[in-house]
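Protein chains in written order, with the working numbering: chain A, 23 to 248; chain B, 23 to 248.
All residues carry an ideal CB built from backbone N, CA and C; glycine is no exception.
None of these values were measured; they are calculated from a predicted model.
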DNA sequence: CAACTTTTTTCCGAATTGGACCAAAACGGC
DNA sequence: GCCGTTTTGGTCCAATTCGGAAAAAAGTTG
């Protein structure tokens, strides 16, 4: 019987063992990989367990069922992603708005490189309306959207970001970043783009900035910030 | 036993019946929908037959097996897509390069609106290396890429398209077009973007042009073309 | 050592899988 | 209208896979 304390934050009668944490992490990594490749319906819990090198009933033990495992996996990748964005913002908090947005884009591209599942899972779930999609939007997507939306509007006012619906702008940046990395397996063969080359990676980031944030920061504003 | 003439171009002993074509089309539409939602592995032939309102053994009859059905479905959507691009080029063949590329982008966005499977299937198959992906790239993607690549290089020389690796440029345009429409189910809830609104659709096309082709055509060139 | 956590092993019943087979029906060419 | 072909409906299959339950065994902690 799975201990509720594993899933929630209730008081454990005894502290969780190390191997248990390792197993959970292996299952999460395997789940992210499998779900991103074959979608929720196309993935079996046995497949996940096999990728993790673990007996499949452990999924029931640690995550209750397939749905909960999916949610834990989504929390895992989107949580780390949000943290990555947040620390990029923190690191550049004293810089001008354009540099801060640029830092966000770089963080996005770099995260998507190591975790292309981020975008794949979104496309998978957005394929048709379903409860997981709603959950994903409310819990993970909206916060990122609202946090970034204002920054983009500001950059448009400053003449740095291209004009147009900021919501569209947000999603185009998002697709150019996450989408490119999610198509990694295809780009090499179809376009000769090797996303495993670090130079290609920074070229992508810089091109996105150049395309979507083509303007220079007004001198007055740039100085008033510093 | 399926007649080979259905799949290849051999001489039919008798002309194909109308209802047969209807059944094939229903199966193709259903296959596109199902494969785009759940991927190749996640889709069962029975699911496809059910969506098509057709008895499932007819898949074996018309398309031999699941794999051939997938290829026929891919041919169907990518063939129509290529035709759509080609006729856009034909219609604007006397216009300047920027207008021709702009016409391509509009055609892309409009096609992706009606057939979001175009992008979904690509992401699905690009999730991991597999024979279908290679087939898709060689048969459908590369021709589009090579046909467009030269146009983009030319536009960059003219200072119309943004500088940078033209291959990256191509794929960013592609992702901004097809990707946005593929995420339709999500965009409304996460960003308030309604891709079913015709105005939104043209706004997307125009914004892509504005972002990726920001320059004006040099007057000399524009006149020498007309 | 004793209590608890985690893993292993085994099993289940149900559902689904892709595909084969054949008789009936619809159809096209004559 | 008739005949042979094409297409469809209905049935069946053997195999696999599905998510999950249960209990015993092993490992860990205090």
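Whole angstroms are fine: how far does the CA of residue j sit from the CA of residue i?
i: residue 46 of chain B; j: residue 52 of chain A; result: 38 Å
i: residue 224 of chain A; j: residue 187 of chain B; result: 12 Å
i: residue 236 of chain A; j: residue 131 of chain A; result: 18 Å
i: residue 27 of chain B; j: residue 64 of chain A; result: Note on residue 27 of chain B: pLDDT 35, under 50, position unreliable in the model; no value is reported.
i: residue 218 of chain B; j: residue 226 of chain B; result: 12 Å
i: residue 160 of chain A; j: residue 43 of chain B; result: 44 Å
i: residue 128 of chain A; j: residue 105 of chain A; result: 14 Å
i: residue 85 of chain B; j: residue 82 of chain A; result: 39 Å
i: residue 117 of chain A; j: residue 175 of chain A; result: 17 Å
i: residue 199 of chain B; j: residue 201 of chain A; result: 11 Å
i: residue 240 of chain A; j: residue 147 of chain A; result: 41 Å
i: residue 264 of chain B; j: residue 145 of chain A; result: Look at the range of chain B in this structure, 23 to 248, and you will see that residue 264 of chain B is not part of it.
i: residue 120 of chain A; j: residue 89 of chain A; result: 40 Å
i: residue 196 of chain B; j: residue 70 of chain A; result: 32 Å
i: residue 95 of chain A; j: residue 101 of chain A; result: 10 Å
i: residue 123 of chain B; j: residue 113 of chain A; result: 40 Å
i: residue 138 of chain A; j: residue 179 of chain A; result: 32 Å
i: residue 67 of chain A; j: residue 185 of chain B; result: 46 Å
i: residue 99 of chain B; j: residue 40 of chain A; result: 51 Å
i: residue 125 of chain B; j: residue 169 of chain B; result: 14 Å
i: residue 230 of chain A; j: residue 48 of chain A; result: 34 Å
i: residue 216 of chain A; j: residue 77 of chain B; result: 44 Å
i: residue 97 of chain B; j: residue 220 of chain A; result: 35 Å
i: residue 171 of chain A; j: residue 194 of chain A; result: 13 Å
i: residue 115 of chain A; j: residue 134 of chain A; result: 22 Å
i: residue 232 of chain A; j: residue 75 of chain A; result: 44 Å
i: residue 87 of chain A; j: residue 79 of chain A; result: 10 Å
i: residue 158 of chain B; j: residue 140 of chain B; result: 11 Å
i: residue 29 of chain B; j: residue 167 of chain B; result: Note that residue 29 of chain B scores 38 on pLDDT, short of 50, meaning its location in the model is unreliable and no value can be drawn from it.
i: residue 177 of chain A; j: residue 177 of chain B; result: 27 Å
i: residue 103 of chain B; j: residue 228 of chain B; result: 20 Å
i: residue 54 of chain B; j: residue 153 of chain B; result: 18 Å
i: residue 173 of chain B; j: residue 183 of chain A; result: 26 Å
i: residue 234 of chain B; j: residue 110 of chain A; result: 26 Å
Quick one: list the residues of chain B neighbouring residue i, beta-carbon separation under 7 Å, in chain order.
i: residue 61 of chain A; result: 60, 61 and 64
Among the candidates the options, whose CA atom is the shortest distance from the CA of residue i?
i: residue 211 of chain A; options: B/102, B/165 and B/65; result: B/165
i: residue 204 of chain B; options: B/172, B/185 and B/136; result: B/136
i: residue 163 of chain A; options: B/76, B/208 and B/114; result: B/208
i: residue 56 of chain A; options: A/143, A/41 and A/154; result: A/143
i: residue 62 of chain B; options: B/120, B/151 and B/114; result: B/151
i: residue 50 of chain A; options: A/39, A/133 and A/72; result: A/72
i: residue 92 of chain A; options: A/192, A/141, A/58 and A/74; result: A/58
i: residue 214 of chain B; options: A/183, A/192 and A/213; result: A/192
i: residue 60 of chain B; options: B/177, B/149 and B/80; result: B/149
i: residue 155 of chain B; options: A/238, A/206, A/54 and A/153; result: A/206
i: residue 190 of chain B; options: A/222, A/177, A/103 and A/173; result: A/222
i: residue 181 of chain A; options: A/38, A/238, A/111 and A/54; result: A/238
Could you work out which residues of chain B lie near residue i, taking near to mean beta carbons separated by less than 8 Å?
i: residue 144 of chain A; result: 205 and 208
i: residue 148 of chain A; result: 204, 205, 206, 207 and 208
Could you tell me which chain A residues have their CB closer than 8 Å to the CB of residue i, listed as they occur along the chain?
i: residue 105 of chain B; result: Correct list: empty, because the minimum Cβ distance to chain A is about 20 Å.
i: residue 101 of chain B; result: Residues of chain A passing the Cβ test: none, with the nearest at roughly 17 Å.
Can you pull the chain A neighbours of residue i, defined as C-beta to C-beta under 7 Å?
i: residue 164 of chain B; result: 212
i: residue 126 of chain B; result: In chain order: nothing, as chain A lies at least about 16 Å away.
i: residue 80 of chain B; result: What residue 80 of chain B touches in chain A: nothing, since even the nearest Cβ is about 23 Å away.
i: residue 75 of chain B; result: Those within 7 Å of residue 75 of chain B in chain A number zero; the least Cβ separation is about 19 Å.
Starting from residue i, find everything on chain B with Cβ-Cβ shorter than 9 Å and list it in chain order.
i: residue 173 of chain A; result: What residue 173 of chain A touches in chain B: nothing, since even the nearest Cβ is about 15 Å away.
i: residue 151 of chain A; result: 207
i: residue 236 of chain A; result: 184, 233 and 236
i: residue 156 of chain A; result: 211
i: residue 134 of chain A; result: Correct list: empty, because the minimum Cβ distance to chain B is about 12 Å.
Would you kindly report the start and end of the unbroken alpha helix (DSSP H) that includes residue i?
i: residue 57 of chain B; result: 40-60
i: residue 213 of chain A; result: 206-213
i: residue 76 of chain B; result: Careful: residue 76 of chain B lies outside any alpha helix (DSSP H) and carries neither H nor E.
i: residue 66 of chain A; result: Where residue 66 of chain A is concerned, there is no enclosing alpha helix (DSSP H), given that its DSSP letter is neither H nor E.
i: residue 227 of chain A; result: 220-234
By the criterion of Cβ-Cβ separation under 9 Å, what are the contact partners of residue i in chain A?
i: residue 227 of chain B; result: Correct list: empty, because the minimum Cβ distance to chain A is about 11 Å.
i: residue 215 of chain B; result: 187, 189, 190 and 193
Those runs of the alpha helix (DSSP H) which lie wholly inside the stretch 110-195 of chain A and span at least 4 residues = Runs found: 119-136, 139-148, 153-158 and 164-179.
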